[in-house]
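Participant:
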Ligand code: FPP
Ligand code: MG
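Residue numbers (this note's numbering): 206 to 537.
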């Protein structure tokens with residue numbers, strides 16, 4: 206675990222989380238476990254672990270060893286669930302690249318990818334439940350409940366996305382509901398777990414959850430903006446832009462562009478050939494879809510920050526604000 210060394214900075218916390226994930230995935234050999242280690246080793250922004258840490262109540266001193274030990278487990282659990290969902294998402298999308306590396310499906314085949322995702326998923330709950338040893342049964346149970354619920358919402362989000370495929374008549378609210386489920390729920394869970402493990406008041410846990418939902422949706426909108434951008438976004442995305450168009454995933458830049466270019470809806474209702482992708486991306490941009498979606502992401506992040514400002518005496522709002530900003534800064 207934390208090796209007895211005080212965790213003084215977010216960087217040290219993330220290093221401890223990474224180390225713990227390595228330990229959690231080290232106890233067996235074989236193709237599935239080896240495959241499961243790769244997307245963790247490939248890195249990532251580790252935003253969910255940072256959210257767990259950022260929700261530490263001020264009443265818990267920085268470097269408090271029991272909180273740190275519990276928070277490292279919770280942060281690893283959040284990152285493992287997130288990675289499991291990406292492994293399965295890549296299967297559903299038939300994606301060949303993730304975090305700049307070949308996907309498990311592309312390297313080892315679909316069956317290994319299904320099992321690797323399941324393995325990551327199960328390791329998450331195995332470590333979260335062990336927080337009971339440092340923070341007691343009640344807090345560990347409450348955090349486990351939060352994670353179980355958000356995992357269910359994640360799956361519902363993916364199912365909703367499948368139902369919305371090539372349906373350009375969906376409303377912005379339908380799209381935002383999908384984002385709340387597939388991204389907002391896990392962001393919210395990360396904050397709620399951190400706050401619960403630190404003994405925060407129930408009403409504060411609720412507010413942090415709402416902050417997480419908004420930041421998660423802002424992050425997803427920013428991700429969708431990047432996917433609608435030009436080839437220069439590949440460095441930030443770790444894969445080629447235009448995947449949503451190819452998959453038939455209707456995103457906010459597309460919905461906003463349809464307002465200005467109604468004929469776009471017809472093109473988005475049918476499979477898009479590779480040769481059409483660049484032309485459609487240009488149409489989305491020219492119709493103002495990217496700018497409109499960008500404004501929405503920024504507005505959501507601002508709304509999120511406004512929610513937590515009144516909690517400044519009990520939580521590190523500077524950290525929370527920084528994460529909200531980071532969730533949308535990639536799209537500039
Ligand atoms: C990535 O988003 C995918 C998600 C945020 C959710 C995926 C959820 C599942 C596959 C359900 C299974 C859940 C569990 C808990 C194993 P994206 O597709 O918008 O991003 P991308 O462009 O990077 O693929
Ligand atoms: Mg996807």
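From the three backbone atoms N, C-alpha and C, an ideal C-beta is built for every residue, glycine too.
Since residue 392 and residue 420 should fall inside the 8 Å C-beta cutoff, what is the C-beta to C-beta distance between them, to a whole number of angstroms?
Facilitator: Residue 392 sits at position 187 when you count from the first residue of the chain shown. Residue 420 sits at position 215 when you count from the first residue of the chain shown. That pair is a contact at about 5 Å.
Participant: Residues in the same chain with beta-carbon distance under 6 Å from residue 394, minus the five sequence neighbours each way, listed in chain order, please.
Facilitator: Indexing the chain shown from 1 puts residue 394 at position 189. 351, 352, 355, listed in sequence order.
Participant: Measuring from each Cβ to the nearest heavy atom of ligand 2, keep the ones under 6 Å and list them in chain order.
Facilitator: Here the list is 294, 298.
Participant: Round the Cβ separation of residue 257 and residue 317 to the nearest angstrom and send it over; I've been treating them as touching at under 8 Å.
Facilitator: Numbered from 1 along the chain shown, position 52 holds the residue referred to as residue 257. Numbered from 1 along the chain shown, position 112 holds the residue referred to as residue 317. In fact, because the Cβ distance is near 29 Å, the residues do not count as touching under 8 Å.
Participant: Measuring only from the beta carbon, is residue 272 closer than 8 Å to any heavy atom that is part of ligand 1?
Facilitator: One-based indexing of the chain shown puts residue 272 at position 67. It does not: the Cβ of residue 272 is nowhere closer than 8 Å to a heavy atom of ligand 1.
Participant: From residue 372 to residue 384, what distance separates their C-alpha atoms?
Facilitator: Position 167 of the chain shown, counted from the start, is the residue given in the question as residue 372. Position 179 of the chain shown, counted from the start, is the residue given in the question as residue 384. Going by the C-alpha atoms only, they are around 16 Å apart.
Participant: Going along the chain, which residues of its own chain have a beta-carbon closer than 6 Å to the beta-carbon of residue 312, five neighbours each way excluded?
Facilitator: Start at 1 with the first residue of the chain shown, and residue 312 comes out as number 107. Counting only Cβ-Cβ distances below 6 Å, and skipping sequence neighbours, we find nothing.
Participant: Would the C-beta of residue 363 count as close to ligand 1, meaning under 8 Å from any of its heavy atoms?
Facilitator: Along the chain shown, read from residue 1 onward, the residue named residue 363 stands at position 158. Flag set: Cβ of residue 363 near ligand 1.
Participant: From residue 181 to residue 280, what distance separates their C-alpha atoms?
Facilitator: Nothing in the structure corresponds to residue 181, since the chain is present only between 206 and 537.
Participant: Kindly indicate the opening and closing residues of the alpha helix (DSSP H) around residue 394.
Facilitator: Walking along the chain shown from the start, residue 394 turns up at place 189. From DSSP, the alpha helix (DSSP H) with residue 394 extends over 390 to 402.
Participant: Give me the residue from 491, 399, 370, 526 with the minimum Cα distance to residue 474.
Facilitator: Sequence index remark: in the chain shown, residue 474 carries index 269 (1-based). Checking every option, the nearest Cα to that of residue 474 belongs to 370.
Participant: Tell me which residues share the same chain as residue 512 and place their Cβ nearer than 8 Å to its Cβ, disregarding the 5 neighbours each side in the sequence.
Facilitator: Position 307 of the chain shown, counted from the start, is the residue given in the question as residue 512. Hits under 8 Å: 412, 415, 416, 419.
Participant: Looking at C-alpha atoms only, which residue of 298, 319, 458 is the closest neighbour of residue 451?
Facilitator: Working through the chain shown from its first residue, we reach residue 451 at position 246. Among 298, 319, 458, the Cα nearest to that of residue 451 belongs to 298.
Participant: Over what stretch of residues does the alpha helix (DSSP H) that includes residue 230 continue unbroken?
Facilitator: Translated into positions along the chain shown, residue 230 becomes position 25. Taken as a continuous stretch (DSSP letters only), residue 230 belongs to no alpha helix (DSSP H), as it is neither H nor E.
Participant: Between 453, 532, 433, which has its C-alpha nearest residue 488's C-alpha?
Facilitator: Here residue 488 is taken as the residue at index 283 of the chain shown, counted from 1. With distances taken between Cα atoms, residue 488 lies closest to 433.
Participant: What does the Cβ neighbour count give for residue 327, buried or exposed, with the cut at 16 atoms within 10 Å?
Facilitator: Along the chain shown, read from residue 1 onward, the residue named residue 327 stands at position 122. By the 10 Å Cβ count, residue 327 comes out exposed.
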